[in-house]
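In the order they appear, the protein sequences are chains A and B.
The first sequence maps to residues 15 to 127 in the working numbering.
The second sequence maps to residues 568 to 682 in the working numbering.
C-beta: ideal position from N, C-alpha, C; glycine also.
None of the values given here were measured: they were computed from a predicted structure.
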Amino acid sequence: DQQVKQNSPSLSVQEGRISILNCDYTNSMFDYFLWYKKYPAEGPTFLISISSIKDKNEDGRFTVFLNKSAKHLSLHIVPSQPGDSAVYFCAAQGNSGNTPLVFGKGTRLSVIA
Amino acid sequence: KAGVTQTPRYLIKTRGQQVTLSCSPISGHRSVSWYQQTPGQGLQFLFEYFSETQRNKGNFPGRFSGRQFSNSRSEMNVSTLELGDSALYLCASSTNPPGAYNEQFFGPGTRLTVL
Chain A
15 DQQVKQNSPS LSVQEGRISI LNCDYTNSMF DYFLWYKKYP AEGPTFLISI SSIKDKNEDG
75 RFTVFLNKSA KHLSLHIVPS QPGDSAVYFC AAQGNSGNTP LVFGKGTRLS VIA
Chain B
568 KAGVTQTPRY LIKTRGQQVT LSCSPISGHR SVSWYQQTPG QGLQFLFEYF SETQRNKGNF
628 PGRFSGRQFS NSRSEMNVST LELGDSALYL CASSTNPPGA YNEQFFGPGT RLTVL
């Protein structure tokens, strides 16, 4: 039973446009959410996070939106750059940090110049 | 500050053998987690250690085990290897103790191939 779902295995976007990566979760106990980026032959790198008490968090070109009622979050990248091409993982944690991170299967983003 | 290091980076074993993978966390980090990544499956949680104690365990068979030493370095062991154990094994460390949300820092992984 997959608790964190990234339903789009891949996404292609033109350079300069907005990239929107989506993530759905089923466990209502999750209260902290993170996005990681992964390049080939490297480990995942933390990108941005959001607590369930917020509905938006921004960091430069990256913004994460959380819709608790829909159990849905999204990562917006504006403007998209070729260096953003990577696999993006959504992760969730619950129980005030006492349970491990649960990851989605990832979305491969390709930014075309 | 040095990042998370994992050794070896690549490993080839045959079915039935056992393997030990090593992880050195970022200096000062006391929490270490292990994940298995296979194509199309994302990152599957194996176990988490904090101050030499296993805090959480994922849904993997008993062939998978781990430990953490007093210097926070961690090892994981897989016995009686199966073809399906071929994967990228990732280690992550964080500063936060139990009960705190943690941003985890990942190592580059060990690519295990079982023939």
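#1: First and last residue of the beta strand (DSSP E) that includes Ser653/B?
#2: Check whether the Cβ atoms of Val116/A and Ala106/A sit closer than 7 Å, and answer yes or no.
#3: In whole angstroms, what separates the C-alpha of Thr40/A from that of Val18/A?
#4: Can you give me, in chain order, the residues of the region 55-66 of chain A that have a beta carbon less than 9 Å from any beta carbon in chain B?
#5: Name, in chain order, the residues that DSSP records as bridge partners for Met643/B.
#6: Output the distance between the C-alpha atoms of Phe47/A and Gly607/B, rounded to the nearest integer angstrom.
#7: If you run the structure through DSSP and keep just helix, strand and coil, what is Asn109/A?
#8: Where do the ends of the beta strand (DSSP E) carrying Ile67/A lie?
#9: Please tell me whether Lys119/A has its Cβ less than 7 Å away from any Cβ of chain B.
#10: At a CB-CB cut-off below 9 Å, which residues of chain A make contact with Phe673/B?
#11: For a contact defined as C-beta to C-beta under 7 Å, what are the partners of Thr623/B on chain A?
#12: Does the separation of the CB atoms of Ser618/B and Ala659/B fall below 7 Å?
#13: Measuring CB atoms only, is the region 635-642 of chain B touching the region 581-600 of chain B, in the sense that at least three cross pairs come out at less than 8 Å?
#14: Would you tell me roughly how many angstroms separate the C-alpha atoms of Phe627/B and Leu35/A, rounded to the nearest one?
#15: Whole angstroms is fine: what's the gap from Pro664/B's alpha carbon to Ile67/A's?
#16: At least one CB of chain A closer than 7 Å to the CB of Leu610/B: is that the case?
#17: Which of the three DSSP states, helix, strand or coil, is assigned to Asp98/A?
#18: What in chain B is Cβ-close to Gln107/A, meaning under 9 Å?
#19: Would you verify that the beta carbon of Tyr102/A is, or is not, closer than 7 Å to some beta carbon of chain B?
Quick look at the numbers:
#1: Taking the first residue of the second sequence as position 1, residue 653/B is located at position 86. First-last for Ser653/B: undefined, no H or E at that position.
#2: As a first step, residue 116/A must be located in the first sequence, where it is residue number 102. As a first step, residue 106/A must be located in the first sequence, where it is residue number 92. Yes.
#3: Indexing the first sequence from 1 puts residue 40/A at position 26. Indexing the first sequence from 1 puts residue 18/A at position 4. Each residue's Cα considered, the two are about 7 Å apart.
#4: Ala55, Glu56, Gly57, Pro58, Thr59, Phe60, Ser63, Ser65
#5: As a working mapping, residue 643/B is identified with position 76 in the second sequence. In the DSSP output, where bridge partners are listed per residue, Met643/B has Leu588/B, Gly633/B.
#6: For this step, residue 47/A is matched to residue 33 along the first sequence. For this step, residue 607/B is matched to residue 40 along the second sequence. Roughly 21 Å separates the two Cα atoms.
#7: Locating residue 109/A in the first sequence gives position 95, where the first residue counts as 1. Asn109/A falls in the helix class under three-state DSSP.
#8: Within the first sequence, numbered from 1, the residue matching residue 67/A stands at position 53. Segment: none, Ile67/A is in no beta strand (DSSP E) and carries neither H nor E.
#9: The residue labelled residue 119/A in the question sits at position 105 within the first sequence. Output row for Lys119/A: interface = yes.
#10: The count along the second sequence starts at 1 and reaches residue 673/B at position 106. Going along chain A in sequence order, the residues near Phe673/B (Cβ under 9 Å) are Tyr50, Lys52, Glu56, Gly57, Pro58, Thr59, Phe60.
#11: The sequence position of residue 623/B within the second sequence is 56, counting from 1. A small correction: the amino acid at residue 623/B is Asn; Thr does not occupy that position in the sequence shown. By Cβ distance, chain A contributes Thr113, Pro114.
#12: Counting from one through the second sequence, the residue named residue 618/B turns up at place 51. Counting from one through the second sequence, the residue named residue 659/B turns up at place 92. Their beta carbons are not under 7 Å apart, which means Ser618/B does not touch Ala659/B by this criterion.
#13: yes
#14: By one-based count along the second sequence, residue 627/B stands at place 60. By one-based count along the first sequence, residue 35/A stands at place 21. In a straight line, the C-alpha of Phe627/B is about 29 Å away from that of Leu35/A.
#15: By one-based count along the second sequence, residue 664/B stands at place 97. By one-based count along the first sequence, residue 67/A stands at place 53. About 21 Å.
#16: Locating residue 610/B in the second sequence gives position 43, where the first residue counts as 1. Answer yes: the Cβ-Cβ gap between Leu610/B and chain A drops below 7 Å somewhere.
#17: On the first sequence, residue 98/A is found 84 positions in, with the first residue counted as 1. Three-state DSSP puts Asp98/A in a helix.
#18: The residue you call residue 107/A lines up with position 93 of the first sequence. Neighbours of Gln107/A on chain B, chain order: Tyr668, Asn669.
#19: Here residue 102/A corresponds to residue number 88 of the first sequence, with the count starting at 1. No, Tyr102/A lies away from the interface with chain B (no Cβ there is under 7 Å from its Cβ).
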